[in-house]
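A quick write-up on the structure given underneath.
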Amino acid sequence: MSSRLSTSNKLVGLTASTGYQVGVRRTLPISPVQAWAYLTSTEGLKLWIGSLNPLTFSEGEAFCSAEGITGQFRVVKPYQQLRLRWQKKEWKKPATLQIRLLSKNPDKTTISFHQENLDHPATREQMKQHWEEVLITIQKHIIASKTIEGEDYQ
1 MSSRLSTSNK
11 LVGLTASTGY
21 QVGVRRTLPI
31 SPVQAWAYLT
41 STEGLKLWIG
51 SLNPLTFSEG
61 EAFCSAEGIT
71 GQFRVVKPYQ
81 QLRLRWQKKE
91 WKKPATLQIR
101 LLSKNPDKTT
111 ISFHQENLDH
121 PATREQMKQH
131 WEEVLITIQK
141 HIIASKTIEG
151 EDYQ
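Residue numbering for the sequence shown follows the UniProt record's numbering, beginning at 1 and increasing consecutively.
What follows is the structure in structure tokens.
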């Protein structure tokens, strides 16, 4: 069980069995299909994996980016979910990263990044900032795209 509140006995994000975890999410004015297309594009991949050869997004597929991020896809559900091992080159062991696309409205999708098996509170904080920056960059891309297309975005 994870803890959202800091108490004298528990640290924020510390789980009983999977080390530290962090989750960030943002709802954006796009469909799950558009969110998936961007996340799996070369531009989108650079945000959360780095520069690498094209991927097929199949379960069991391994990757290694030019920036040294390695991993392997465990669950691939197009337009809904990716679950994978994800590891920076300086880490001793991989974390589990889950990206979910949540939508009850065809024009709005919540993109959720959840990472567990992190080794330290400092790593948790570093990854929290990283995933927040990824979501901000995606949001800026969407705003720019909608402006170019002539749509009003607020």
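C-beta: ideal position from N, C-alpha, C; glycine also.
Predicted, not measured: the structure shown is a model, and the values here were computed from it.
Taking only three categories from DSSP, how would you classify residue i?
i: E61; result: coil
i: W91; result: coil
i: G50; result: coil
i: G23; result: strand
i: L135; result: helix
i: T7; result: In this predicted model, T7 has a pLDDT of only 46, less than 50, meaning its place in the structure is not dependable; the value taken from the coordinates is given anyway. Coil at T7, not helix or strand.
i: T123; result: helix
Measure the alpha-carbon distance for residue i versus residue j and round it to whole angstroms.
i: H120; j: E132; result: 18 Å
i: S2; j: K89; result: At S2 the pLDDT is 42, less than 50, meaning the model places this residue with poor confidence and gives no usable figure here.
i: L101; j: G44; result: 14 Å
i: N105; j: N53; result: 33 Å
i: L97; j: L84; result: 5 Å
i: C64; j: G71; result: 7 Å
i: P29; j: H130; result: 22 Å
i: L39; j: R124; result: 22 Å
i: L14; j: A144; result: 37 Å
i: G68; j: T27; result: 29 Å
i: W86; j: A95; result: 5 Å
For residue i and residue j, which I take to be in contact (beta-carbon distance under 8 Å), what is that distance rounded to the nearest angstrom?
i: L118; j: V22; result: 7 Å
i: Y79; j: W36; result: 5 Å
i: S31; j: T109; result: 6 Å
Taking Cβ to Cβ, would you say residue i is nearer than 7 Å to residue j?
i: F57; j: V76; result: yes
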